[in-house]
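Asker:
Number of protein chains: 2
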Amino acid sequence: MNLQMALYLIPVDISGASWRSVMPPENLEIIKGIRYFIVENIRTARRTIKRLDPSADISAITFYELNRHTDDKEISTFLQPLREGNVMGVMSEAGCPGVADPGASVVRIAQSEGLRVIPLVGPSSILLSLMGSGLNGQNFSFNGYLPVENTDRERKIRELEALSVKNDVTQIFIETPYRNEKMFESLLKTLRNETLMCVASSVTDPEKEMIQTRSVGEWKKLNFKIAKEPTVFLFYSPNQNKRSNQSYGKKKNFI
Amino acid sequence: MNLQMALYLIPVDISGASWRSVMPPENLEIIKGIRYFIVENIRTARRTIKRLDPSADISAITFYELNRHTDDKEISTFLQPLREGNVMGVMSEAGCPGVADPGASVVRIAQSEGLRVIPLVGPSSILLSLMGSGLNGQNFSFNGYLPVENTDRERKIRELEALSVKNDVTQIFIETPYRNEKMFESLLKTLRNETLMCVASSVTDPEKEMIQTRSVGEWKKLNFKIAKEPTVFLFYSPNQNKRSNQSYGKKKNFI
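In the order they appear, the protein sequences are chains C and G. According to the numbering used here, the first sequence is numbered sequentially starting from 1. According to the numbering used here, the second sequence is numbered sequentially starting from 1.
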């Protein structure tokens with residue numbers, strides 16, 4: 001396959017799964033052809049490349065580190081090799097660059113200069129959780145992290161639930177694993193019993209993946225102990241008074 | 001690899017791209033191992049399976065058709081083989097089952113019975129467009145289709161733009177290809193000049209993919225003629241008065 005003169009956005013696996021279960025084979029060929037990478041963390045990027053391509057000559061690769069410590073002005077300079085005609089790649093530590101992730105800033109600069117950007121297929125815990133939840137996939141919102149403080153978090157949960165009813169939308173958010181228990185408690189305490197809630201932990205992990213949807217009322221009865229694993233939370237509160245548009249798209253073509 | 005006793009959610013390619021560029025190799029092995037499929041359209045599902053596995057014995061496969069004509073009560077009966085201990089698969093015509101797609105209803109029934117659901121990695125034009133847009137991937141909303149009628153559509157666009165400013169959220173929606181021109185016109189007419197707008201057409205197609213982000217002001221100057229191709233529209237209207245949280249996630253772990 002021929003590499004395009006572009007900024008490739010390369011997803012990285014999000015669990016201990018083999019690349020064969022989460023990555024198209026061409027992604028590996030693309031990685032092999034790239035000498036300039038913008039990455040979230042150089043050390044882990046080196047390890048990822050070495051794992052996917054054991055014959056890689058890491059010393060021949062130039063890395064630029066893009067994370068929340070990177071200065072806005074510096075980011076634009078990272079694209080110099082692409083401007084000079086070299087294929088480049090963006091790789092985050094895990095998941096899809098630009099989605100809940102620092103990659104978006106450099107993509108936006110590339111776009112503003114008319115440089116070509118090519119996103120590659122790979123694992124996104126957000127998308128996979130939504131698929132697996134069975135909740136409304138015609139309308140959904142990803143809300144990042146909710147507030148840490150209890151009162152603020154519960155106010156936010158109530159707000160998102162009201163919007164779910166009003167707009168027939170699935171609400172999605174994430175939490176850092178060590179706060180999962182607190183989040184789970186807040187959700188059971190705050191949401192209505194009939195709201196459907198999905199807990200999706202260790203998505204794509206062949207051993208630990210757990211994706212379960214129950215009504216809040218049922219979750220309360222289960223005495224479920226949530227693991228300290230990477231988790232996506234989703235809920236959907238159908239409006240009992242109107243027919244949900246769930247699963248009845250108008251002329252769907254290709255999504 | 002060993003198949004799990006589960007309902008596999010199997011994405012299908014969304015363009016003329018080779019499976020090698022959009023599908024993990026294990027997906028093919030999983031497809032080969034499944035004898036019961038719930039699909040959006042039996043004829044195209046047969047063709048997809050035959051394309052991915054030319055040696056497949058289609059006559060040995062049982063198909064259940066799930067689309068907007070399917071009766072709610074009938075859907076539950078489709079899961080009988082899984083209840084009796086057979087691996088099953090859900091496949092839509094293109095893209096990811098359950099995301100802007102009829103698959104969600106049967107997943108929800110499986111979840112309500114405690115049956116295991118395993119979503120597989122594959123192409124989603126929504127996710128890929130968001131990655132390629134460079135727009136805010138920390139907060140985003142997928143809104144399905146907007147109203148068809150001009151006045152309603154423009155009111156909806158204005159409403160989504162106001163929410164983008166208020167909540168720092170990227171707005172995403174789709175349109176049927178033959179209405180792309182009308183939608184594009186409405187967007188240029190309605191959005192503020194400084195709003196960033198991305199047009200993502202024929203995503204993953206090796207020849208026709210086009211993903212471009214410009215400010216609305218710039219789009220107006222370009223005299224751009226939008227193609228009648230499957231397209232995802234995205235816009236993001238940063239609040240000039242507050243620092244965008246774009247690309248500055250709190251402790252991100254794995255998305």
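Ideal Cβ positions, reconstructed from N, Cα and C, are used throughout, including at glycine. All of these numbers come straight from a predicted model, not from anything done at the bench.
Short of 6 Å in beta carbon distance, which residues of its chain neighbour Leu146(G), apart from the five on each side in sequence? Order them along the chain.
Answerer: What you label residue 146(G) is simply residue 146 of the second sequence in a count that begins at 1. Within the same chain, Leu146(G) has close Cβ partners Arg153, Lys156, Phe173.
Asker: Of the choices Leu9(G), Met1(G), Leu222(G), Gln4(G), whose alpha-carbon is the least far from that of Gly132(C)?
Answerer: Numbered from 1 along the first sequence, position 132 holds the residue referred to as residue 132(C). The shortest C-alpha separation from Gly132(C) is found at Leu9(G).
Asker: Which ranges does the alpha helix (DSSP H) cover as unbroken runs of at least 4 residues, wholly within the segment 65-123 of chain C, from first to last along the chain?
Answerer: Runs found: 72-77, 80-83, 104-112.
Asker: For the segment 70-99 of chain C, list every residue whose C-beta sits within 7 Å of some C-beta in chain G, in sequence order.
Answerer: So the close ones are Ala94, Gly95, Cys96, Pro97, Gly98, Val99.
Asker: In three-state DSSP terms, what is Gly16(G)?
Answerer: By 1-based counting over the second sequence, the position of residue 16(G) is 16. The answer is coil: DSSP assigns Gly16(G) none of H, G, I, E or B.
Asker: Could you check the C-alpha separation between Val203(C) and Asp13(C) for me, to the nearest Å?
Answerer: Counted from its first residue, the first sequence places residue 203(C) at position 203. Counted from its first residue, the first sequence places residue 13(C) at position 13. Taking the straight line from one Cα to the other gives about 10 Å.
Asker: Which of the three DSSP states is assigned to Met131(C) in this structure?
Answerer: As a working note, residue 131(C) is residue 131 in the first sequence. In the structure shown, Met131(C) sits in a helix (DSSP, three-state: H, G or I).
Asker: Considering only their Cβ atoms, is the gap separating Ser76(C) from Val232(C) smaller than 7 Å?
Answerer: Looking up residue 232(C) in the first sequence gives position 232. Looking up residue 76(C) in the first sequence gives position 76. No, they are not a contact pair.
Asker: Just checking: is the beta-carbon of Leu128(C) within a distance shorter than 7 Å of some beta-carbon in chain G?
Answerer: Position 128 of the first sequence, counted from the first residue, corresponds to residue 128(C). Yes, Leu128(C) counts as interfacial toward chain G.
Asker: For Ser186(C), I'd like the list of residues in its chain whose CB is within less than 7 Å of its CB, leaving aside the five on either flank, ordered along the chain.
Answerer: The residue you call residue 186(C) lines up with position 186 of the first sequence. Answer for Ser186(C): Asn150, Arg153, Glu154, Ile157, listed in chain order.
Asker: Using beta carbons (cut-off 7 Å, strictly below), is Gly16(C) in contact with chain G?
Answerer: The residue labelled residue 16(C) in the question sits at position 16 within the first sequence. By this cut-off, Gly16(C) is not an interface position.
Asker: What does Leu9(C) touch in chain G if you count any residue whose Cβ is under 7 Å from its own?
Answerer: As a position in the first sequence, residue 9(C) is number 9, starting the count at 1. Per Cβ cutoff of 7 Å: Met131, Gly132.
Asker: Going along the chain, which unbroken runs of the alpha helix (DSSP H) with 4 or more residues stay wholly within the segment 209-240 of chain C?
Answerer: Taking only runs of at least 4 residues, the alpha helix (DSSP H) segments lying wholly in the segment 209-240 of chain C are 216-222.
Asker: Is Val22(C) helix, strand or coil by DSSP?
Answerer: Here residue 22(C) is taken as the residue at index 22 of the first sequence, counted from 1. Val22(C) falls in the helix class under three-state DSSP.
Asker: Straight-line CA distance for Glu181(C) to Asn143(C)?
Answerer: Locating residue 181(C) in the first sequence gives position 181, where the first residue counts as 1. Locating residue 143(C) in the first sequence gives position 143, where the first residue counts as 1. Roughly 19 Å between the two C-alpha positions.
Asker: Say whether chain A places a C-beta atom closer than 7 Å to the C-beta of Thr44(G).
Answerer: Protein chains in the displayed structure are C and G, and chain A is not among them.
Asker: To the nearest angstrom, how far is it from the Cα of Leu196(G) to the Cα of Gly134(G)?
Answerer: For the purposes of this step, residue 196(G) is identified with residue 196 of the second sequence, where counting begins at 1. For the purposes of this step, residue 134(G) is identified with residue 134 of the second sequence, where counting begins at 1. Roughly 10 Å between the two C-alpha positions.
Asker: By the DSSP assignment, the beta strand (DSSP E) with Glu175(G) in it spans what residues?
Answerer: For the purposes of this step, residue 175(G) is identified with residue 175 of the second sequence, where counting begins at 1. First-last of the beta strand (DSSP E) with Glu175(G): 170-175.
Asker: Thinking C-beta only, is Asn139(C) closer than 7 Å to Val169(C)?
Answerer: Along the first sequence, read from residue 1 onward, the residue named residue 169(C) stands at position 169. Along the first sequence, read from residue 1 onward, the residue named residue 139(C) stands at position 139. Yes, they are a contact pair.
Asker: So if DSSP puts Met183(C) in a beta bridge, which residue, or which two residues, is it bridged to?
Answerer: In the first sequence, residue 183(C) corresponds to position 183, counting from 1. Its beta-bridge partners do not exist; DSSP assigns none.
Asker: What residues of chain G sit near Phe142(C), judged by a beta carbon separation below 7 Å?
Answerer: Along the first sequence, read from residue 1 onward, the residue named residue 142(C) stands at position 142. Neighbours of Phe142(C) on chain G, chain order: Asn139, Phe140.
Asker: Please name the residue or residues paired with Ile38(C) in a DSSP beta bridge.
Answerer: Position 38 of the first sequence, counted from the first residue, corresponds to residue 38(C). Beta-bridge pairing links Ile38(C) to Tyr64(C), Val90(C).
Asker: If contact means a Cβ-Cβ distance below 7 Å, which residues of the segment 24-37 of chain C contact chain G?
Answerer: Listed by position, the residues of the segment 24-37 of chain C near chain G (Cβ gap below 7 Å) are Pro24, Pro25, Glu26.
Asker: On the criterion of 16 or more Cβ atoms from any shown chain inside 10 Å, does Ala200(C) qualify as buried, or is it exposed?
Answerer: Sequence index remark: in the first sequence, residue 200(C) carries index 200 (1-based). Label assigned to Ala200(C): buried.
Asker: Based on the DSSP output, what are the partners of Met5(C) in its beta bridges?
Answerer: Indexing the first sequence from 1 puts residue 5(C) at position 5. In the DSSP output, where bridge partners are listed per residue, Met5(C) has none listed.
Asker: Can you confirm whether the segment 65-83 of chain G touches the segment 102-115 of chain G when touching is taken to mean that 3 or more C-beta pairs between the two stretches lie within less than 8 Å?
Answerer: Touching, yes.
Asker: Whose CA, out of Leu7(C), Ile61(C), Leu191(C), lies closest to the CA of Val106(C)?
Answerer: By one-based count along the first sequence, residue 106(C) stands at place 106. Looking at the Cα atoms, Leu7(C) is the closest of the given residues.
Asker: Where do the ends of the beta strand (DSSP E) carrying Asn136(G) lie?
Answerer: The residue given as residue 136(G) occupies position 136 in the second sequence. Premise fails: Asn136(G) is in no beta strand (DSSP E) and is neither H nor E.
Asker: Which same chain residues, not among the five before or five after Val188(G), have their C-beta less than 8 Å away from its C-beta?
Answerer: In the second sequence, residue 188(G) corresponds to position 188, counting from 1. Note that residue 188(G) is Leu in the sequence shown here, rather than Val. Cβ neighbours of Leu188(G) beyond the five flanking positions: Val216, Trp219, Lys220.
Asker: Using a cut-off of 7 Å between C-beta atoms, extract the partners of Met119(G) located in chain C.
Answerer: Reading the second sequence from its first residue, position 119 is the one you call residue 119(G). According to the sequence displayed, residue 119(G) carries Pro and not Met. Leu128, Met131, Gly132, listed in chain order.
Asker: Do the segment 40-52 of chain G and the segment 86-96 of chain G make contact, defined as three or more Cβ pairs closer than 8 Å?
Answerer: Yes, since at least three Cβ pairs between the segment 40-52 of chain G and the segment 86-96 of chain G fall closer than 8 Å, the two stretches touch.
Asker: Which partner residues does Ile10(G) have in the DSSP bridge list?
Answerer: Counting from 1 along the second sequence, the entry for residue 10(G) is found at position 10. Ile10(G) pairs with Met91(G).
Asker: Using three-state DSSP, classify Leu163(C) as helix, strand or coil.
Answerer: Mapped onto the first sequence, residue 163(C) falls at position 163. Reduced to three states, the DSSP call for Leu163(C) is helix.
Asker: Considering Cα atoms alone, identify which of Pro206(C), Pro97(C), Pro102(C), Lys208(C) is closest to Asp71(C).
Answerer: The residue given as residue 71(C) occupies position 71 in the first sequence. The residue with the shortest Cα to Cα distance from Asp71(C) is Pro102(C).
Asker: Within 10 angstroms of its Cβ, does Arg108(C) collect 16 or more other Cβ (buried), or is it exposed?
Answerer: Stepping through the first sequence from its first residue, residue 108(C) is reached at position 108. So Arg108(C) ends up on the buried side.
Asker: Distance cutoff 7 Å, beta carbons only. Does Gln171(C) sit that close to anything in chain G?
Answerer: As a working mapping, residue 171(C) is identified with position 171 in the first sequence. No - not a single Cβ of chain G is within 7 Å of the one on Gln171(C).
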